[in-house]
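Some notes on the structure that comes next.
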Amino acid sequence: MSTLLLSGKTLAKTIQQKAHDEARGLEADGLHPMLAVVVATDDGSTHWYVRSIERAAERAGISCRIVDLGHDATGEVLAAALKDLSTDASVNGIILQTPLPPGVQTDELVGHIAPEKDIDGANPLSLGRLAVGQSAFAPATARAVIEILDHFDIPLAGRNVVVIGRSAVVGKPLSLLLLERDAAITVCHSRSGPLEKYTKTADVVVVAAGRTGLLNGDHVSSAAVVIDVGTNVLPDGSLVGDVDEASVRGVAAALTPVPGGVGSVTTSLLLLHTTEAARKQSRTLVPGTAG
Numbered sequence: 035m036s037t038l039l040l041s042g043k044t045l046a047k048t049i050q051q052k053a054h055d056e057a058r059g060l061e062a063d064g065l066h067p068m069l070a071v072v073v074a075t076d077d078g079s080t081h082w083y084v085r086s087i088e089r090a091a092e093r094a095g096i097s098c099r100i101v102d103l104g105h106d107a108t109g110e111v112l113a114a115a116l117k118d119l120s121t122d123a124s125v126n127g128i129i130l131q132t133p134l135p136p137g138v139q140t141d142e143l144v145g146h147i148a149p150e151k152d153i154d155g156a157n158p159l160s161l162g163r164l165a166v167g168q169s170a171f172a173p174a175t176a177r178a179v180i181e182i183l184d185h186f187d188i189p190l191a192g193r194n195v196v197v198i199g200r201s202a203v204v205g206k207p208l209s210l211l212l213l214e215r216d217a218a219i220t221v222c223h224s225r226s227g228p229l230e231k232y233t234k235t236a237d238v239v240v241v242a243a244g245r246t247g248l249l250n251g252d253h254v255s256s257a258a259v260v261i262d263v264g265t266n267v268l269p270d271g272s273l274v275g276d277v278d279e280a281s282v283r284g285v286a287a288a289l290t291p292v293p294g295g296v297g298s299v300t301t302s303l304l305l306l307h308t309t310e311a312a313r314k315q316s317r318t319l320v321p322g323t324a325g
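Take any residue in the sequence shown, count from 1 to its spot, add 34: that is its number in this note's numbering.
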């Protein structure tokens, strides 16, 4: 059978255009959306990704401040930078880019990001609000999965969806978003046992575990839609996901490619979230416009 490739490129461009339009609208109101990206690593692939965000922001008409604290920055220095950005009225969105220096824990820092500027849903308060249905930015990667499924008109209500991976970045928030869409959710992890026990009968399988080739064609049915969230760099520098694409293609009904799938949509959503944050913050500053 032929497997439909669910490319995210067209959707990403649509979201980028929406962010661009939102940014122009803000500019017309005298507002200048600003995204700040905090970096503390000398990892080349991370800096490449940050530069790609910077270029995308420029195309969308969003200012982007790269706060490079160096690969030896301490937790105290990072915390101070996040606190300063959170109180800086010119900054609307904040991202703490990983990896961080050895010994510095992400979960000890993200709480310093103001929830209203937490455009990637990193602060535990954001996840808590998401869990109880309150207003919060979902992690962009988790939202990107939902956006792709919607873009290709893949129904979720009443469907059997398996999420592989339970991280606070993707697996947990994505499960909450899927529950909001009335899907029946199963979350698999390292203690779940054989994957095929869960995935073989799934309508949708989302893989977000960070393990190359974790899911293969033996794990899925011919009706399955497979969303590959993984981004793994091979020794030759090429990028692959968590899915063994060669074995899944020809078996599953649909599959997102890596690269060109979830990742491209994620970056676009970060820009859109920045404009949404800027608009919300402006309403709290202007008398009579609280909403």
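C-beta: ideal position from N, C-alpha, C; glycine also.
Problem set entry | Run of the alpha helix (DSSP H) containing S226, from where it starts to where it stops | Per DSSP, S226 belongs to no alpha helix (DSSP H) and is neither H nor E.
For this session: Just mark R85 as buried or exposed, buried being the case when its beta carbon has 16 or more other beta carbons within 10 Å.
Result: Exposed, since its Cβ has fewer than 16 Cβ neighbours within 10 Å.
For this session: To the nearest angstrom, report how far apart T80 and L69 are at their CA atoms.
Result: Spanning the two alpha carbons is a distance of roughly 17 Å.
Exercise. Just checking my contact of T235 with S255 at CB under 8 Å: how many whole Å lie between their CB atoms?
Worked result: Sure, about 7 Å apart at Cβ, within 8 Å.
Exercise. Of all the options T301, I180, L161, A257, which has the alpha carbon lying nearest to the alpha carbon of M282?
Worked result: The sequence shown places Val at residue 282, not Met. The shortest CA-to-CA distance from V282 to any of T301, I180, L161, A257 is the one to A257.
Exercise. For the putative contact between P133 and D77, defined by C-beta atoms under 8 Å, what is the C-beta separation to the nearest angstrom?
Worked result: The pair is a contact, with the Cβ atoms about 6 Å apart (cut-off 8 Å).
Exercise. Quick one, are the C-beta atoms of L249 and D216 less than 8 Å apart?
Worked result: Against a cut-off of 8 Å, the Cβ pair of D216 and L249 comes out as no contact.
For this session: Give a yes or no on contact between the segment 291-298 and the segment 117-129, applying the rule of three or more CB pairs nearer than 8 Å.
Result: Cβ pair count under 8 Å is below three, so no.
Problem set entry | L213 versus I219: straight-line alpha-carbon distance, rounded | Roughly 7 Å separates the two Cα atoms.
For this session: Measuring alpha carbon to alpha carbon, tell me which of V71, T233, D106 ends up nearest L116.
Result: Per the Cα distances, V71.
Exercise. Who are the near neighbours of T300 in its chain, counting only those whose CB is closer than 6 Å to its CB and skipping five residues on each side?
Worked result: Closer than 6 Å at the Cβ level, and outside the excluded window around T300, lie A174, T175, A178.
Exercise. What do you get for G322, buried or exposed, if any count of 16 or more other CB atoms within 10 angstroms of its CB means buried?
Worked result: Its pLDDT being 42, under 50, G322 is placed unreliably in this model, and the coordinates cannot settle the point.
Exercise. What does D262 pair with, by DSSP beta-bridge criteria?
Worked result: D262 is bridged to V241.
Problem set entry | Boundaries (first-last residue) of the alpha helix (DSSP H) holding R99 | Counting along the chain, R99 falls outside any alpha helix (DSSP H), though it belongs to the beta strand (DSSP E) covering 97-102.
For this session: Please classify A288: does DSSP put it in a helix, a strand, or coil?
Result: For A288, the three-state secondary structure derived from DSSP is strand.
Exercise. Name the DSSP beta bridge partners of V144, please?
Worked result: Beta-bridge pairing links V144 to no other residue.
Problem set entry | Alpha carbon of G199 to alpha carbon of P207, nearest angstrom | Those two C-alpha atoms are separated by around 11 Å.
For this session: For T233, count neighbouring C-beta atoms within 10 Å of its own C-beta (all shown protein chains included) and say buried if the count is 16 or more, exposed if not.
Result: Classification for T233: buried.
Exercise. Is the CB of L248 under 8 Å away from at least one CB in chain D?
Worked result: Of the chains in the structure shown, none is chain D; there is only one protein chain.
For this session: Identify whether R268 lies in helix, strand or coil by the three-state DSSP scheme.
Result: It is Leu, not Arg, that sits at residue 268 in the sequence shown. In the structure shown, L268 adopts coil according to DSSP, grouped into three states.
For this session: Round the Cβ separation of L119 and V111 to the nearest angstrom and send it over; I've been treating them as touching at under 8 Å.
Result: The distance from the Cβ of L119 to that of V111 is about 13 Å, inconsistent with a contact at the 8 Å cut-off.
Exercise. Are the beta-carbon atoms belonging to L38 and A280 less than 8 Å from one another?
Worked result: Contact: no.
Exercise. Looking only at its own chain, which residues have a Cβ that is under 6 Å from the Cβ of I188, when we skip the five neighbours before and after it?
Worked result: Only V259 meet the Cβ criterion.
Exercise. Who are the near neighbours of S302 in its chain, counting only those whose CB is closer than 6 Å to its CB and skipping five residues on each side?
Worked result: Within the same chain, A46, I49, Q50 come within 6 Å of S302 by CB-CB distance, once the 5 residues on both sides are set aside.
Exercise. Are the CB atoms of R193 and V239 nearer to each other than 8 Å?
Worked result: No, these two residues do not count as a Cβ contact at 8 Å.
For this session: Give the DSSP-derived three-state secondary structure of G59 in the structure shown.
Result: DSSP places G59 in the helix class (H, G or I) of the three-state scheme.
Exercise. From this set, A107, L164, L211, which residue's C-alpha is nearest P136's C-alpha?
Worked result: Of A107, L164, L211, the residue nearest in Cα terms is A107.
Exercise. Between D154 and L304, what straight-line distance do the alpha-carbon atoms span, to the nearest angstrom?
Worked result: Cα to Cα, the separation comes out at about 7 Å.
For this session: Just tell me which of M35, A62, T75 has its CA closest to the CA of V138.
Result: It is T75.
Problem set entry | Cα-Cα separation between D99 and T318, rounded to whole angstroms | The sequence given here has Arg at residue 99, not Asp. Taking C-alpha positions only, R99 is separated from T318 by approximately 23 Å.
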